[in-house]
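Single-structure report; data block below.
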Amino acid sequence: MNITGLCKTRWSGEGHFSSGERTTIHSGKEKGGESGVAIVLDKTHAGCMKSYNPVSDRILTVKLNTKPAALNIIQVYAPTSASTQEEAEKFYSDLQAIKDKMPKREVCIIMGDFNAKVGEGLEHESGIGPFGLGERNERGEMLACFCQANGTTITNTCFKQHLRRRYTWIQPGDSKKSN
1 MNITGLCKTR WSGEGHFSSG ERTTIHSGKE KGGESGVAIV LDKTHAGCMK SYNPVSDRIL
61 TVKLNTKPAA LNIIQVYAPT SASTQEEAEK FYSDLQAIKD KMPKREVCII MGDFNAKVGE
121 GLEHESGIGP FGLGERNERG EMLACFCQAN GTTITNTCFK QHLRRRYTWI QPGDSKKSN
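Each residue of the sequence shown is one higher than the last, beginning at 1 in the UniProt record's numbering.
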């Protein structure tokens, strides 16, 4: 599948455009900003697009007509730990509302940057594999609770990777890593 999710695009407004063999659907604040999300589809998948919903500058959904069931893609960019607790709670509340509206018979993929450290999954814990990084932070706990409530899995914690491939960001001038 040639579907790519983008975070922190900083693009203003919402909409879609085509460039060559790709179609890009995006959602951002009216005047740009620090957030913004987008989904890039190849020509084949763009032709299957039934609808899209630019929910906010942090959440975008695209529905594709696929067989045997429709495919819903949710691209997210969660608030960072520098954001307020209220912003994080609103993000997860909005995400939950979107997930709840999707028909159970349709496939749903949620992808993006959750700005969270979930650590390694516990034996009794579903949705988180044994290959997370570091210790769970507050945003990681919120993500873990969302996954458990929805029966979803954080797939990048399910595959053994070299340590340097378990994180996606390093705080400048520091050794703190985020997965």
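Using N, Cα and C, we set each Cβ at its ideal position, and we do this for glycine too.
Coil, strand or helix - residue i by DSSP
i, result
"F146", "helix"
"A46", "helix"
"T152", "coil"
"L95", "helix"
"K90", "helix"
"Q75", "strand"
CB contact flag (residue i, residue j, <8 Å)
i, j, result
"G140", "G119", "yes"
"A70", "K50", "yes"
"C108", "N72", "yes"
"L41", "T23", "yes"
"T9", "H26", "yes"
Assumed close pair residue i, residue j - CB separation to whole angstroms, cut-off 8 Å
i, j, result
"T157", "I110", "Not quite, the Cβ-Cβ distance comes to about 14 Å (not below 8 Å), so this is no contact."
Status (buried if at least 16 other CB within 10 Å, exposed otherwise) for residue i
i, result
"K117", "buried"
"A88", "buried"
"H45", "buried"
"L133", "buried"
"E14", "buried"
Notebook entry, point to check: Are the stretch 32-40 and the stretch 51-60 touching by the rule of at least three beta carbon pairs closer than 8 Å?
Noted result: yes
Check: With a cut-off of 8 Å, do at least 3 Cβ pairs link the stretch 90-110 to the stretch 64-78?
Finding: yes
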